[in-house]
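Peer 1:
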Amino acid sequence: MTSQATTIDRRRLLLGTGATAAALAAAASTIAKTAPPMSARERFDFHLAEMKKAATEVQPLVRFHIKERLGQPDWPVALMILGQWATGQYEGDGLYAGGNSCDKSERYKVKLLDTKVDGEREFSVINIGEKDRRRWMTLSEPAFESFIGAKVAS
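Note that the working numbering has the sequence shown beginning at 302, numbered continuously upward.
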């Protein structure tokens with residue numbers, strides 16, 4: 302008698318679990334249908350963030366530089382998404398080597414700036430011996446990490 306009662310209870314339990322899962326799936330579908338539709342801008346921002354997140358999960362060394370001017374038709378480029386490899390990271394102000402294959406012998410004086418743009422730190426990067434201020438650079442953190450190499454000296 303006990304084993305038959307146990308069997309019935311197990312069947313009811315399995316049936317109840319299946320019914321609960323089906324009800325949850327139906328509820329999720331209903332909620333998705335009743336959620337307010339996203340605007341084109343919201344969809345764009347969402348999918349861009351998802352793409353960056355997925356790429357970073359696949360390869361943590363990728364750094365993105367995104368220029369978006371969708372609302373400014375006077376600019377020649379509406380959207381640019383560039384993914385580069387991180388070749389270095391900030392280890393304090395000082396002297397750094399170049400990070401890409403073209404300028405590994407170059408040396409740059411790096412200083413962390415007090416400003417942030419879009420929540421990202423900014424860096425002053427000046428080629429050693431460069432006197433022309435027009436060639437001095439201010440780089441965001443992703444741009445800095447894909448431009449610079451290892452720290453050489455303090």
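Where a beta carbon is used, it is the ideal one built from N, C-alpha and C, also for glycine.
1) Within this structure, are the beta carbons of G389 and I427 separated by less than 8 Å?
2) Which stretch, first to last residue, makes up the alpha helix (DSSP H) that contains R344?
3) Taking 7 Å as the cut-off, does the CB of V378 come closer than this to any heavy atom belonging to the ligand ZN?
4) Are G384 and V363 close, meaning C-beta to C-beta below 8 Å?
5) Give every residue of the same chain whose Cβ lies closer than 6 Å to the Cβ of L380, excluding the five residues on either side of it in the sequence, and list them in chain order.
6) CB-CB under 7 Å to A387, same chain, minus the five flanking residues each way: which ones, in chain order?
7) With distances taken between CB atoms, is the gap from V411 to G395 smaller than 8 Å?
8) For the alpha helix (DSSP H) containing S447, list its first residue and its last residue.
9) According to DSSP, T439 sits in a beta bridge with which residue or residues?
10) Going by beta carbon distance, what residues of the same chain come within less than 6 Å of E421, once the five residues before and after it are set aside?
11) Is the distance from the Cβ of E407 to the Cβ of G399 below 8 Å?
Peer 2: On the basis of the supplied data:
1) In this structure, G389 sits away from I427, with a CB-CB distance that is not shorter than 8 Å.
2) That run of the alpha helix (DSSP H) goes 341-359.
3) This structure lacks the ligand ZN; in fact it carries no ligand of any kind.
4) Their beta carbons are under 8 Å apart, which means G384 touches V363 by this criterion.
5) Leaving aside the five residues that flank L380 on each side, the residues in its chain whose CB is nearer than 6 Å to its CB run, in chain order, E369.
6) Cβ neighbours of A387 beyond the five flanking positions: L362, R364, E446, S447.
7) Their beta carbons are under 8 Å apart, which means V411 touches G395 by this criterion.
8) It spans 442-448 - the alpha helix (DSSP H) in which S447 sits, taken as one unbroken run.
9) As a beta-bridge residue in DSSP terms, T439 pairs with S425.
10) Result list for E421: S441, E442, in chain order.
11) In terms of Cβ geometry, E407 and G399 form a close pair [threshold 8 Å].
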